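Taking it in order: structure first as structure tokens, then the write-up.
2 protein chains.
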Amino acid sequence: MTTTINRKACVLGAGVIGAGWVSRFLLMGWDVNVYDPDPEAPRKIQEVMNNALNALPGLYDHKLPESGKLTIAESLEDAVIGSEWIVEAVPERLDFKHKIFRLLEAVADENAIIASSTSGFKPSELQQDSARPKQIIVAHPFNPVYLIPLVELVGDEDTVVNAKHVLDSLGMFPLHVRKEIDAHIGDRLLEAVWREGLWLINDGIATTKEIDDVIRYGFGLRWAQMGLFETYRIAGGEAGMAHFIGQFGPCLEWPWTKLMDVPELTDELVDKIAGQSDQQSGHHSIRELERIRDDNLVSMMRALKGRNWGAGELLNNVDKSLKQPQTQEENKKNASLLKTVERVIPINWTDYNNHMNESRYGQVFSDAATEVMAIIGADQAYVDSGKSYFTVENHIKYISECVAGEEIYVLSKVLLGEGKKLKLQHQMYNAKDELVCTDEQFLLHVDLKTRKSSMPSDEVAKKLAYLFSQHQQL
Amino acid sequence: MTTTINRKACVLGAGVIGAGWVSRFLLMGWDVNVYDPDPEAPRKIQEVMNNALNALPGLYDHKLPESGKLTIAESLEDAVIGSEWIVEAVPERLDFKHKIFRLLEAVADENAIIASSTSGFKPSELQQDSARPKQIIVAHPFNPVYLIPLVELVGDEDTVVNAKHVLDSLGMFPLHVRKEIDAHIGDRLLEAVWREGLWLINDGIATTKEIDDVIRYGFGLRWAQMGLFETYRIAGGEAGMAHFIGQFGPCLEWPWTKLMDVPELTDELVDKIAGQSDQQSGHHSIRELERIRDDNLVSMMRALKGRNWGAGELLNNVDKSLKQPQTQEENKKNASLLKTVERVIPINWTDYNNHMNESRYGQVFSDAATEVMAIIGADQAYVDSGKSYFTVENHIKYISECVAGEEIYVLSKVLLGEGKKLKLQHQMYNAKDELVCTDEQFLLHVDLKTRKSSMPSDEVAKKLAYLFSQHQQL
């Protein structure tokens, strides 16, 4: 096995999960071959891809790499050739999966990773009769695959290590499930709640809406950022986890017999659930619900980004890798305006009409100034050493509007750079190279301890002077 | 029973839950008497109150009412007198709770609501031997009580209706559990996951951290905004909920026997969990974890606010009630500068040092302009009719810094108001009445269909001219 990445993936099966994988690979710059005999597959992929395009780029504060190329293959063999990552996302029937694996063993690169999205089968089951069992692992994602970071990895340890590199590069959170077990970890927990939820509905205690409201106005908010145990650690207070278990543990012995029994899925119960669900959510189409869900997820994950916590910390790490390190070098080399920002407008920067709020133009220019500072050596390390530039004035002129999902970039010019003073001019453009907004920004160098103006370091002053002299000639 | 609210509450028991209630009532403007024989009670309340002060005001975009008065009572009788809402948050022992209820029946107003925070007992159990059983209900909150909206209400229907009014006014989400059941709804679902989690740890499948990561990088993100059933409705696609059950339902019959068995909480298992939890979270103190959790929750709930969904929709509704309707009237009456913004700075507006990001000053001024527009009749209805003012220029001068949690207000002046043109001057002050930032803002009236400048309606033009003439004299 090798960790070299040729960025060619193949996806077998274009259902919701398969199409989700296709979208994430493509948007992260991989070429993807898909094979699915369903004649509707191209349309289904396009629908999921539209959702992903609406959501994934807005998770990040830097532009994603160029999207890869999508090929709808005529046969499984055509799809597989040259792929280093093969997603198996076919229906959950073991005999069918075995048939696919036999075909794959004949044509796939022996170093390729065959990653099954199965939620129901263990690697040992998938690997039955395989000539190269280590090649087959479980990589179980969660819907929507283009947004939810978690992937449960189960299988051969070396293969899992290699698989982690790939999933990391896709911005996902690969979790190695060290012992194989029915349903892995996530679905066991979900199954427990599902089972209890069915009883509550069956017995007329609660409706689907009431159960959902208990979750999303209650513990669901906690679980999006800490899980079960860290939350309970806090509940235990200074006395800690053992104290909490002492308090909560005895509940386990209460006579909640229903927890241990399985409700029968009669037609009556299924109709009851479906009817309640219609009443709860039927005023939205599935497409609308998907967009609502995705916009909520992007907004919440961006909120966690601001706290650098959980899924948000993951996004920040991807942002660091997205930021092209050559930009600064190129900027320094060329005696031209600096390209200081390149990104799309995220959903949480917009109003109900999807137009970017006026204050967010200011945020883009603030980011542009941070980049100029980095170029002259006033970077994070410089700030940590107790020195920085503070903005004292912004003069922003709005020329035309921007909407969520639109690509923008900023060109910046040093208008003045001497002593404590730094004056910048920023020009924001859209993807059609139309000027949409300008800013004249005046900054002062400050000592972060005294919070008063001060002279920059000699090195920063020198770099700034050079940039200023170059920009004066423009 | 009456729905009149005298805004006097009493809280019996000052543990994490009791102190959480105290904090929410106080910050929403209620006077609170607390009784807890623990000499440490005042310190414990103060600690939770500090957390709440750090978090709750930042959920909203308008200033909260003046905080109520906290009184640490010398006796249960002193605490209860005059209270219309009595929180019972004493230890989970039924005989002890019955003793408290007997004392309450002797001294409490017979129209007061006695709301037990119990997670373990049903109203029928609490009401045993009660002279006024309808007065005693379950109002089961979730930690942290000052942030998580959900309260499960169980008990007499009339009392529950009255209780809902009170909880609504606290910005909470009261959910009527229509049939009493052990552990209500939320804790049954939590218990199911807890039980399954214990098995996973007991059997060495996963650690506390791995389980938490599965939740917070996986389905926890989904559940913070939609619950179980709405999420699965989407997974079912256009075929809907019945289709999903058809797919997922059979899993119930898989041989996951562990789900139906109870792990024994041996010392060994408790040590294992506590040890894993130390390794996962031990580098943070409980106080730190509380702050991290609260800042995450506030940021995520504010993100949902931007989508007007779930917990975020609830926050927007509270904001509407927080906004003092007399402000506009007062502003119109007085020939003085307009007070257009009054709020605290939320955590998600700040950088890692808690200083407000420069772009958020722009957001405050944007909100100030929206308020001026409302005063001259260019309100939401006017915007809906296809007309509005667009900002074309902002000239912002930063004078000093603001930090998260700080109160600010803005005074606005009409510098010019004729024809299509509107020019405003905004001055932002902190709670010490120090000027922290100014903005000169130039707006143009636009036709929202053509997106081009146009004349305002006669009525708006007239109101604007009056305001302009008054402000010219200042």
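Protein chains in written order, with my numbering: chain A, 16 to 489; chain B, 16 to 489.
Glycine included, every Cβ here is placed at the ideal spot set by N, Cα and C.
The structure displayed is predicted, hence computed values, not measured ones.
Can you tell me the Cβ-Cβ gap for residue i and residue j, rounded? I've got them flagged as a contact below 8 angstroms.
{"i": "Val229 (chain B)", "j": "Leu119 (chain A)", "result": "28 angstroms between Cβ atoms; not a contact."}
{"i": "Val379 (chain B)", "j": "Glu422 (chain B)", "result": "Val379 (chain B) to Glu422 (chain B), Cβ: 12 angstroms. No contact."}
{"i": "Tyr413 (chain A)", "j": "Glu373 (chain A)", "result": "7 angstroms"}
{"i": "Asp46 (chain B)", "j": "Arg22 (chain B)", "result": "6 angstroms"}
{"i": "Gly212 (chain B)", "j": "Leu213 (chain A)", "result": "Not quite, the Cβ-Cβ distance comes to about 20 angstroms (not below 8 angstroms), so this is no contact."}
Any heavy atom of the ligand MN inside 7 angstroms of the beta-carbon of residue i?
{"i": "Ala127 (chain B)", "result": "What this structure holds is no ligand at all, so the ligand MN is not there to describe."}
So, does the CB of residue i fall closer than 8 angstroms to a CB anywhere in chain B?
{"i": "Thr223 (chain A)", "result": "yes"}
{"i": "Gly44 (chain A)", "result": "no"}
{"i": "Thr406 (chain A)", "result": "yes"}
{"i": "Trp36 (chain A)", "result": "no"}
{"i": "Asp171 (chain A)", "result": "no"}
{"i": "Gln488 (chain A)", "result": "no"}
{"i": "Ile200 (chain A)", "result": "yes"}
{"i": "Asn158 (chain A)", "result": "yes"}
{"i": "Ser381 (chain A)", "result": "yes"}
{"i": "Tyr161 (chain A)", "result": "no"}
{"i": "Phe111 (chain A)", "result": "no"}
{"i": "Lys435 (chain A)", "result": "no"}
{"i": "Met388 (chain A)", "result": "no"}
{"i": "Leu330 (chain A)", "result": "no"}
{"i": "Gly493 (chain A)", "result": "Because chain A is modelled from 16 through 489, residue 493 (chain A) falls outside the range shown and cannot be assessed."}
Please state the DSSP three-state secondary structure of residue i.
{"i": "Lys57 (chain B)", "result": "Per the sequence shown, the amino acid found at residue 57 (chain B) is Pro instead of Lys. Helix, per DSSP."}
{"i": "Ala198 (chain B)", "result": "coil"}
{"i": "Phe188 (chain B)", "result": "strand"}
{"i": "Leu430 (chain A)", "result": "strand"}
{"i": "Thr272 (chain B)", "result": "Low confidence applies here, because Thr272 (chain B) scores a pLDDT of 40, under 50, leaving its location unreliable and the question unanswered by this model."}
{"i": "Glu416 (chain A)", "result": "coil"}
{"i": "Met388 (chain A)", "result": "helix"}
{"i": "Val160 (chain A)", "result": "coil"}
{"i": "Thr223 (chain B)", "result": "helix"}
{"i": "Ala480 (chain A)", "result": "helix"}
{"i": "Ala257 (chain A)", "result": "helix"}
{"i": "Arg22 (chain B)", "result": "coil"}
{"i": "Ser132 (chain A)", "result": "coil"}
{"i": "Asp14 (chain B)", "result": "Absent from the structure is residue 14 (chain B), since the part of chain B shown begins at 16 and ends at 489."}
{"i": "Gln487 (chain A)", "result": "helix"}
{"i": "Gly28 (chain A)", "result": "coil"}
{"i": "Asp51 (chain B)", "result": "coil"}
{"i": "Glu373 (chain B)", "result": "helix"}
{"i": "Asn368 (chain B)", "result": "coil"}
{"i": "Arg203 (chain B)", "result": "helix"}
{"i": "Ser381 (chain A)", "result": "helix"}
{"i": "Leu280 (chain B)", "result": "coil"}
{"i": "Arg248 (chain B)", "result": "helix"}
Is the CB of residue i under 8 angstroms away from at least one CB in chain A?
{"i": "Gly219 (chain B)", "result": "yes"}
{"i": "Glu180 (chain B)", "result": "Residue identity check: residue 180 (chain B) is His in the sequence provided, not Glu. Not closer than 8 angstroms to any Cβ of chain A, the Cβ of His180 (chain B) fails to qualify, so no."}
{"i": "Asp310 (chain B)", "result": "yes"}
{"i": "Asp448 (chain B)", "result": "no"}
{"i": "Pro164 (chain B)", "result": "yes"}
{"i": "Asp394 (chain B)", "result": "no"}
{"i": "Phe136 (chain B)", "result": "no"}
{"i": "Ile360 (chain B)", "result": "no"}
{"i": "Trp271 (chain B)", "result": "Reliability fails at Trp271 (chain B), whose pLDDT of 46 lies under 50, so the model's placement of it is uncertain and the value that follows must be treated cautiously. Yes, Trp271 (chain B) lies at the interface with chain A (some Cβ there is under 8 angstroms from its Cβ)."}
{"i": "Phe40 (chain B)", "result": "no"}
{"i": "Ile226 (chain B)", "result": "yes"}
Exercise for the section: Please specify which runs of the alpha helix (DSSP H), each continuous and at least 4 residues long, are wholly inside the segment 293-337 of chain A, giving them in chain order. Expected result: 301-322, 326-337
Exercise for the section: Please list the residues of the segment 232-244 of chain A that have a C-beta atom closer than 8 angstroms to any C-beta atom in chain B, keeping them in chain order. Expected result: Tyr232, Gly233, Phe234, Gly235, Leu236, Arg237, Trp238, Ala239, Gln240, Met241, Gly242, Leu243, Phe244
Exercise for the section: Scan the segment 363-376 of chain B for residues whose Cβ lies nearer than 7 angstroms to a Cβ of chain A and list them as they occur along the chain. Expected result: Asn363, Asn372, Glu373, Ser374, Arg375
Exercise for the section: Please name the residues in the segment 313-325 of chain A whose beta-carbon is closer than 8 angstroms to at least one beta-carbon of chain B, in chain order. Expected result: Ser314, Met315, Met316, Arg317, Ala318, Leu319, Gly321, Arg322, Asn323, Trp324, Gly325
Practice task
Select from the segment 285-303 of chain B all residues with a C-beta closer than 7 angstroms to any C-beta belonging to chain A, and list them in chain order.
Solution key: Val285, Ile288, Ala289, Ser292, Gln295, Ser296, Ile301
Handout entry: Proximal residues, the segment 138-151 of chain B versus chain A, C-beta separation under 8 angstroms
Key = none
Exercise for the section: Output, in sequence order along the chain, the residues in the segment 406-433 of chain B whose CB is closer than 7 angstroms to any CB in chain A. Expected result: Thr406, Val407, Glu408, Asn409, His410, Ile411, Lys412, Tyr413
Practice task
Please list the segments of the beta strand (DSSP E) lying wholly inside the segment 74-159 of chain A, counting only runs of 3 or more residues, in order along the chain.
Solution key: 85-87, 100-103, 128-131, 151-156
Practice task
Would you list, in sequence order, the uninterrupted alpha helix (DSSP H) runs of no fewer than 4 residues that lie entirely inside the segment 420-471 of chain A?
Solution key: none
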